[in-house]
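K.L.:
My questions will all concern the structure given below.
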Amino acid sequence: MARKNTPGDENVAPAAKQKKPKKQRWYHQVLQVYKMTVQNEPNARWAIWGAALGVFVLFIAIGLAFQSVGMTIYLGIIGLMFGLLAAMFVLARKAERIQYGLIEGEPGASRAALGTLRRGWTIPEEPIAIDAKTQSYVFRAVGRVGVVLVTEGQPKATAKLAAGEERKLNRILPGVPVHTLHVGHNEDQVRLPKLTREINRLKGKKLNRGELAEVNKRLNALGQVKLPIPKGIDPMRARPDRRGMR
1 MARKNTPGDE
11 NVAPAAKQKK
21 PKKQRWYHQV
31 LQVYKMTVQN
41 EPNARWAIWG
51 AALGVFVLFI
61 AIGLAFQSVG
71 MTIYLGIIGL
81 MFGLLAAMFV
91 LARKAERIQY
101 GLIEGEPGAS
111 RAALGTLRRG
121 WTIPEEPIAI
131 DAKTQSYVFR
141 AVGRVGVVLV
151 TEGQPKATAK
161 LAAGEERKLN
171 RILPGVPVHT
181 LHVGHNEDQV
191 RLPKLTREIN
201 RLKGKKLNRG
211 ELAEVNKRLN
221 ALGQVKLPIP
231 KGIDPMRARP
241 DRRGMR
């Protein structure tokens, strides 16, 4: 006996036949980054492909110097691979610069840049101090070099906020280095694209694992300021997947 269709049966089959979204491969991400980069900086394509061609030609020239067809072919294959790596490197740097340019000046841009730091850093999502009137913020990063305070906004307001945070940290974390970097365009400030590089260059006393854990424990006990501001755009999300490129 034939089974009668019940209400809603006609929707079951189409739902069951729906295909799962295709997994995005690393080369899809690279293509997206390339399109975004060329769209914002049309001349970037010449630098990207010029780097690849230059490396390839260099290896071919070395192969021809040996006056051997086999060696030329072998070095040509190697040159092709290294040429693609050179193109990837130039593309990543171009994309990073463009993304920093897109978020520079936006609330939370410094936090987005801090998110590109390598492992070993503890960075709260929200600012630890704010001046709502001037839209000035202080963000914090904790690593082996100590505590790094990063400010963005109106210089006078950020200087006042940072000074207050420094006094607080020196009181609860005696002996722990405290560094302050001001993000901006003035001579005594750090440009957003160079923020992580300046942090990695910081020198001084290095904290061991035990000391670093104790510092984070004390800071977590203080809590943090809650502020509904955009968290910014992580520039690294617009770069090629490094694991996939490897």
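If you're matching positions, the sequence shown starts at 1 in UniProt numbering and goes up one per residue. Ideal Cβ placement from N, Cα and C applies to all residues, glycine included. Because the structure is a prediction, the values reported are computed rather than measured.
(1) Is the Cβ-Cβ distance between R140 and P124 less than 8 Å?
(2) So which of A87, I73 and V183 has the shortest CA-CA distance to G108?
(3) Please classify K94 as buried or exposed, where buried requires at least 16 other C-beta atoms within 10 Å of its C-beta.
(4) Rounded to the nearest angstrom, what separates K203 and V145 at their Cα positions?
(5) Per DSSP, which residues does E152 bridge with? Please list them.
(6) Just to confirm the assignment, what range does the alpha helix (DSSP H) spanning I77 have?
(7) Where does G210 fall in DSSP's three states?
(8) Which whole-angstrom value describes the C-beta separation of T151 and E166, a residue pair presumed to lie in contact below a C-beta threshold of 8 Å?
(9) Which residues share a DSSP beta bridge with D131?
(10) Quick one: Cα of P174 to Cα of A163, how far?
(11) N186: buried (16+ other C-beta within 10 angstroms of its C-beta) or exposed?
(12) Using a Cβ-Cβ cut-off of 8 Å (strictly less than) and excluding sequence neighbours within five positions of K194, which residues of its own chain qualify?
(13) Cα separation between N170 and V33?
(14) Okay, do the segment 74-82 and the segment 45-60 touch, 3+ Cβ pairs below 8 Å being the bar?
(15) Use the C-beta contact count for A86: other C-beta atoms within 10 angstroms, 16 or more gives buried, fewer gives exposed.
(16) Taking only the alpha-carbon atoms, compute the straight-line gap between A65 and M71 and give it to the nearest angstrom.
(17) Return the CA-CA distance between I130 and S110, expressed in angstroms with no decimal places.
(18) Give the DSSP-derived three-state secondary structure of V142 in the structure shown.
P.N.:
Taking the definition as stated:
(1) Their beta carbons are under 8 Å apart, which means R140 touches P124 by this criterion.
(2) V183
(3) buried
(4) 7 Å
(5) Answer is Y137 and V183.
(6) V69 to I103 is the span of the alpha helix (DSSP H), which, as asked, contains I77.
(7) Here G210 sits in helix by DSSP.
(8) So it is not a contact: roughly 11 Å between Cβ atoms.
(9) S136
(10) 16 Å
(11) exposed
(12) none
(13) 43 Å
(14) They touch, by the three-pair rule.
(15) buried
(16) 9 Å
(17) 13 Å
(18) strand
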